[in-house]
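Worksheet: one structure, shown below.
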Amino acid sequence: MFIDGRKIEDKAVIEADICIIGAGAAGITLAREFIGSSFNVCLLESGGLEFDEETQSLYNGKNIGYPYYDLDVLRLRYFGGTTNIWSGVSRPLDAIDFGVRSWVPYSGWPLELADLTPFYRRAHGTCQLGTYSYSLAENKDSNAPGLPLKGDSILTTLYRESPVNFGQAYRDEIKNADNIHTYLFSNALTFETDPNTSKVSQVTVGTLDGKRFRVKSRVYILATGGVENVRLLLNSNQTYSGGLGNNHDLVGRFFMEHLSITGAVYLPSQVQPMQLYVQGDASERHGALVPSAKAQQREEILNIYGALFPSSLRSGVKAVAPGLVSSMMALRANMSIDDIGEHVRRISADLDDLTLHTYRRVFRSGDVQREYYIVYQMEHAPDFNSRVTLDTERDRLGLQKVKLDWRFGDMERKTLRRMNAMIAQAVGGAGLGRVREIPDDGNSGWPPGVRGAWHQMGTTRMSQDPKKGVVDANCQVHGVSNLFVSGSSVFPTSGCSSPTLTIVALSIRLADHLKQVLRTG
Amino acid sequence: MHTTRRAFLVKITGLATLATGYSLAGQLLMKGNKTTSPLSDGLSRLLQHPESARLIGDEYLRQNPEEGSIRMLTQKISGTDTQYLARDDLQGPRAEATSIGRQIRDDFWHGRITQIDGWYLAETEARMCALFSLQLTA
Chain S
0 MFIDGRKIED
10 KAVIEADICI
20 IGAGAAGITL
30 AREFIGSSFN
40 VCLLESGGLE
50 FDEETQSLYN
60 GKNIGYPYYD
70 LDVLRLRYFG
80 GTTNIWSGVS
90 RPLDAIDFGV
100 RSWVPYSGWP
110 LELADLTPFY
120 RRAHGTCQLG
130 TYSYSLAENK
140 DSNAPGLPLK
150 GDSILTTLYR
160 ESPVNFGQAY
170 RDEIKNADNI
180 HTYLFSNALT
190 FETDPNTSKV
200 SQVTVGTLDG
210 KRFRVKSRVY
220 ILATGGVENV
230 RLLLNSNQTY
240 SGGLGNNHDL
250 VGRFFMEHLS
260 ITGAVYLPSQ
270 VQPMQLYVQG
280 DASERHGALV
290 PSAKAQQREE
300 ILNIYGALFP
310 SSLRSGVKAV
320 APGLVSSMMA
330 LRANMSIDDI
340 GEHVRRISAD
350 LDDLTLHTYR
360 RVFRSGDVQR
370 EYYIVYQMEH
380 APDFNSRVTL
390 DTERDRLGLQ
400 KVKLDWRFGD
410 MERKTLRRMN
420 AMIAQAVGGA
430 GLGRVREIPD
440 DGNSGWPPGV
450 RGAWHQMGTT
460 RMSQDPKKGV
470 VDANCQVHGV
480 SNLFVSGSSV
490 FPTSGCSSPT
500 LTIVALSIRL
510 ADHLKQVLRT
520 G
Chain G
0 MHTTRRAFLV
10 KITGLATLAT
20 GYSLAGQLLM
30 KGNKTTSPLS
40 DGLSRLLQHP
50 ESARLIGDEY
60 LRQNPEEGSI
70 RMLTQKISGT
80 DTQYLARDDL
90 QGPRAEATSI
100 GRQIRDDFWH
110 GRITQIDGWY
120 LAETEARMCA
130 LFSLQLTA
C-alpha cells in the first residue's frame with residue numbers, strides 16, 4: 000500500500016523486516032523481489048507519484064570539479080526515480096570490466112561476470128528486455144548485419160533499449176502487495192547506530208512539513224543513487240564523526256561518470272548496411288563499436304563504446320532539445336514526458352559544421368552516403384580524488400548538502416585517441432571509409448561538449464577488503480552488519496555499459512542474499 | 000622496364016575508381032579547376048576537387064618536409080619494389096587501381112596512417128595528394 004508520510008503521526012515508530020530507502024530502479028526491484036514473502040517491507044520514497052519541484056530541490060549541491068550538470072537536475076526524486084525519463088539503454092558489463100587490469104588503478108571487482116550472469120538474465124525480465132542476448136553472432140537478421148571490419152581490435156557489440164518506466168510499470172504491483180508499505184514524501188535523514196552491536200538501530204525520517212518519525216528494521220538497504228547514498232552515510236555522523244561506514248575515508252571517493260563524447264565522424268566509402276547501428280534489428284538490438292578485450296589490454300586503455308548517429312539527426316535533435324538536462328527543464332516546464340522521451344539519448348556536441356562540410360566534399364563522391372557521428376560512452380578510470388563530500392550548507396531538512404569534485408584525465412584522453420585511431424584503421428583497412436577525429440576545443444584538451452552520461456557510480460565501491468571498499472561482495476557496508484547498499488555506487492569500476500541493467504541484477508542478487516540472511520538470522 | 004617519374008604520374012591519373020570503392024584518390028571526384036597540361040589533365044580526372052586535394056597535400060608536406068620532392072614521394076609510394084611501377088600485372092587502369100587500393104588498405108592494416116586535420120589517412124593516399132600539390136607548383 001502507499002502511505003503519505005506527511006500523514007504519519009509525529010514521532011511515530013514503524014517496524015519492518017526490511018527497510019528500503021529510495022524507490023528508483025534499485026529500490027523497486029528489491030521491493031518486487033520480496034512481494035509475497037513473509038517479510039514486512041518498508042519502502043521509503045522522498046517524493047510522491049509525480050514530479051514536485053520542492054522535493055526535487057533537495058538534490059541541490061555544488062560542483063567544484065570538472066564542469067558538471069546542476070546536481071538537482073540529474074536524478075528524479077519521485078516514485079520510479081530517474082527511470083521516469085531514462086532512455087532504457089541496457090547492456091551488461093563485459094568480462095574484462097570485472098577483472099584486475101594492471102593499467103587501470105583500483106580496478107577489479109570481487110565478482111566475475113559469471114557470478115552475475117544469472118542475475119542479468121533475471122534482470123532482463125524486470126527490464127522487459129526479452130531474450131538475454133548481446134552477441135552479434137546470434138543476430139540472425141540478414142537485413143541488419145554488422146560492418147565487416149578489418150582485424151579483431153574493433154568489434155560490433157549490441158545494446159538494447161528497455162521500455163520500462165519502473166514507476167509506472169510496477170506502481171500497481173507494489174501498491175497492491177500486502178507486505179510492501181511504501182511511504183511517500185518520506186525522506187530518510189540519518190541512520191542511528193548502536194556502537195555496541197555495530198548495527199543500525201533505526202533510521203530517522205522527515206517530511207518537508209516538519210514531521211519526524213522513525214523506522215526500526217532488521218536490515219536497511221540504501222538505494223538512493225551515487226550521490227545521495229554518500230550524503231546519507233556522511234550525515235549519519237552522530238556515533239562515528241566521519242560518517243557511517245567511513246572508517247577508512249572511502250565513502251564518497253572514486254566518483255565516476257561515463258564520459259559522453261562526440262569524438263569522431265565516420266564517412267562511409269559507399270552505402271553501407273548501417274541499419275543495425277542506427278535503427279537496430281528486428282529484435283530491437285542496436286550495434287555499437289567497441290575495442291576487444293585484447294585491444295584494451297594491448298593499448299592499455301579503458302572500455303568504451305561508440306554509437307553511430309547519422310549527422311542528419313543532429314539538427315533535428317538540437318532543435319527539439321539536446322539531452323537530459325533539457326529533458327529535465329522540459330519536465331519542470333510541465334511538458335509531457337512522452338514529448339521528451341525520444342530525444343533523451345541523443346546527446347550531440349556542437350561541431351564545426353564548416354570544417355565538416357569542407358572535408359565532406361573531398362572524401363565522398365556523391366550524396367548517396369551520409370556521415371555518422373561516433374558518440375562514445377567511455378569508462379571512467381577510478382580516481383581517489385574524484386569525490387563527493389559534505390558542504391557546510393544545509394538543506395530544508397537540516398542535512399548537509401554535497402560538493403562534487405569530478406575529475407578525470409590522461410587515461411580517458413588516451414582512450415579516446417586510440418579508439419578513434421583503431422576505428423579508422425578497422426574501417427580503412429576494410430575499405431569501408433574514413434574517420435575524422437573531432438578536434439579538441441583548444442582549451443580543455445577535449446572535443447567540445449564532453450559531459451557525463453547521467454550515471455553516478457563508484458562512491459561506495461565494492462571490495463572484500465574494508466580498507467579498499469565501503470561494501471563487500473554482498474553489498475553489505477563493512478563493519479555494519481545490517482546495512483546494505485544497492486545501486487551503481489557500489490561499482491568499483493564503471494565499464495562502458497549504461498548501469499541500470501547491472502543495478503537491477505545486483506539488486507536481485509542482494510534480495511536473494513537477504514532472504515537467506517533473514518531466514519537464518 | 001624503367002618507369003619515369005612522369006610516366007608514374009600519368010599512370011596514377013588513371014585511378015578513377017579504386018577497388019576499395021573509397022580511397023582518397025578514388026573519391027576526389029568533385030568539380031574542380033580545368034587545367035591544360037597532359038599531367039594536369041590526368042590529375043584532374045583523378046582529383047576533381049583539386050583545391051581540397053592540394054590542401055591535404057600541402058598539410059602532408061608541412062608535416063613531412065623531408066618528403067618534399069616528387070622523386071621522394073614517388074619512391075615512398077612505390078615502396079622498396081623498384082619494379083612496382085613496371086610490372087605487367089599493373090598495366091591498365093583497373094589493374095593498377097586494384098593494386099593501389101590494396102596498398103592503401105594495407106597501409107591502414109599495418110598502421111601506416113597519417114593524420115591531417117583530424118582525418119586518418121593512409122600514407123599512400125596522403126602522398127598522392129602531396130604529389131598532386133607539388134606538380135601544381137612544379
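First to last, the sequence lines map onto chains S and G. The first sequence begins at 0 in numbering that gives the first Met the number 0 and counts up by one. The second sequence begins at 0 in numbering that gives the first Met the number 0 and counts up by one. Just so it is clear, CB atoms sit at the ideal spot from N, CA and C, and this is done for glycine as well.
At a cut-off of 6 angstroms, would you count residue i as near the ligand ADP, judging by its Cβ distance to the nearest heavy atom?
| i | result |
| --- | --- |
| Phe38(S) | As for the ligand ADP, it is missing from this structure, which has no ligand bound. |
How is the alpha helix (DSSP H) around residue i delimited, first residue to last?
| i | result |
| --- | --- |
| Lys198(S) | It is not in any alpha helix (DSSP H) - Lys198(S) instead sits in the beta strand (DSSP E) that spans Lys198 to Gly205. |
| Gln271(S) | Run containing Gln271(S): none; DSSP gives neither H nor E here. |
| Val163(S) | Where Val163(S) is concerned, there is no enclosing alpha helix (DSSP H), given that its DSSP letter is neither H nor E. |
| Leu233(S) | Glu227 to Asn234 |
| Ala423(S) | Asp409 to Gly428 |
| Ile69(G) | Ile69 to Ser77 |
| Thr499(S) | Thr499 to Thr519 |
| Tyr119(S) | Leu112 to Thr125 |
| Arg170(S) | Arg170 to Asn175 |
| Gly26(S) | Ala24 to Glu32 |
Tell me, please, whether the CB atom of residue i is closer than 7 angstroms to any CB atom in chain S?
| i | result |
| --- | --- |
| Gly117(G) | yes |
| Phe131(G) | no |
| Arg104(G) | yes |
When the cut-off is 7 angstroms and only beta carbons count, does residue i lie next to chain G?
| i | result |
| --- | --- |
| Lys293(S) | no |
| Gln296(S) | no |
Excluding sequence positions up to five away, which residues of its chain have a Cβ less than 7 angstroms from the Cβ of residue i?
| i | result |
| --- | --- |
| Met410(S) | Leu301 and Ala380 |
| Gly494(S) | Leu92, Asp93, Asp96, Asn302 and Glu378 |
| Arg5(S) | Phe184, Thr206, Asp208 and Lys210 |
Taking the beta strand (DSSP E) that residue i falls in, what are its first and last residues?
| i | result |
| --- | --- |
| Gly60(S) | Gly60 to Asn62 |
| Ser132(G) | Not the beta strand (DSSP E): Ser132(G) falls in the alpha helix (DSSP H), residues Glu122 to Thr136. |
| Gln463(S) | Counting along the chain, Gln463(S) falls outside any beta strand (DSSP E), and DSSP gives it neither H nor E. |
| Gly286(S) | Arg284 to Pro290 |
| Lys402(S) | Gln399 to Asp404 |
| Phe308(S) | Ile303 to Pro309 |
| Thr54(S) | Where Thr54(S) is concerned, there is no enclosing beta strand (DSSP E), although the alpha helix (DSSP H) it sits in stretches over Glu52 to Gln55. |
| Lys215(S) | Arg211 to Leu221 |
| Ile95(S) | No beta strand (DSSP E) contains Ile95(S), which is instead part of the alpha helix (DSSP H) from Ala94 to Phe97. |
| Pro267(S) | Leu258 to Pro267 |
| Thr192(S) | Asn186 to Asp193 |
| Thr181(S) | Ile179 to Leu183 |
| Tyr372(S) | Tyr371 to Met377 |
| Ile115(G) | Ile112 to Ile115 |
| Ile2(S) | Phe1 to Asp3 |
Candidates the options: which alpha carbon is nearest residue i's?
| i | options | result |
| --- | --- | --- |
| Val88(S) | Gln376(S), Asn245(S), Leu207(S) and Asn246(S) | Gln376(S) |
| Met233(S) | Arg252(S), Pro104(S) and Tyr219(S) | With the sequence shown as reference, residue 233(S) is identified as Leu, and Met is not the correct amino acid for it. Looking at the Cα atoms, Arg252(S) is the closest of the given residues. |
| Thr414(S) | Glu299(S), Tyr265(S) and Leu42(S) | Glu299(S) |
| Ala136(S) | Gly286(S), Thr391(S), Pro66(S) and Thr203(S) | Gly286(S) |
| Ala452(S) | Leu73(S), Asp51(S), Glu14(S) and Asn62(S) | Leu73(S) |
| Gly408(S) | Leu389(S), Pro438(S), Ser385(S) and Ala429(S) | Ser385(S) |
| Asp114(S) | Gln515(S), Val516(S) and Asn473(S) | Asn473(S) |
| Arg222(S) | Ser268(S), Leu398(S), Thr28(S) and Gly124(S) | A small fix is needed here, since residue 222(S) is Ala in this sequence, not Arg. Nearest of Ser268(S), Leu398(S), Thr28(S) and Gly124(S) to Ala222(S), Cα basis: Thr28(S). |
| Tyr58(S) | Ser134(S), Arg230(S), Ile422(S) and Leu258(S) | Arg230(S) |
| Met273(S) | Thr261(S), Arg369(S) and Gln296(S) | Arg369(S) |
| Thr388(S) | Leu396(S), Leu403(S), Asp382(S) and Val374(S) | Leu403(S) |
| Arg435(S) | Pro64(G), Tyr119(G), Asp106(G) and Ile112(G) | Tyr119(G) |
Interface residues of chain B around residue i at Cβ under 8 angstroms?
| i | result |
| --- | --- |
| Ile112(G) | Given the protein chain composition of this structure (S and G), no chain B is represented. |
Give every residue of the same chain whose Cβ lies closer than 6 angstroms to the Cβ of residue i, excluding the five residues on either side of it in the sequence, and list them in chain order.
| i | result |
| --- | --- |
| Pro194(S) | Thr238 |
| Ser488(S) | Gly225, Asn228, Thr458 and Thr459 |
| Asn39(S) | Ala15, Asp16 and Asn178 |
| Asp440(S) | Pro447 |
| Glu392(S) | Lys400 |
Ignore the nearest five residues each way along the sequence and tell me which others in residue i's own chain have a CB closer than 8 angstroms to its CB.
| i | result |
| --- | --- |
| Arg53(G) | Cys128, Phe131, Ser132 and Leu135 |
| Arg93(G) | At Arg93(G) the pLDDT is 49, less than 50, meaning the model places this residue with poor confidence and gives no usable figure here. |
| Gln127(S) | Ser161, Pro162, Val163 and Ala168 |
Closer than 9 angstroms, Cβ to Cβ, to anything on chain G: give me those residues from the segment 430-441 of chain S, in chain order. Gly430, Leu431, Gly432, Arg433, Val434, Arg435, Glu436, Ile437 and Pro438
Can you list, in chain order, the residues of the segment 149-162 of chain S whose Cβ is nearer than 9 angstroms to any Cβ on chain G? Lys149 and Gly150
With 9 angstroms as the C-beta to C-beta threshold (strictly closer), list the residues of the segment 51-63 of chain G near chain S in chain order. Ser51, Ala52, Leu54 and Ile55
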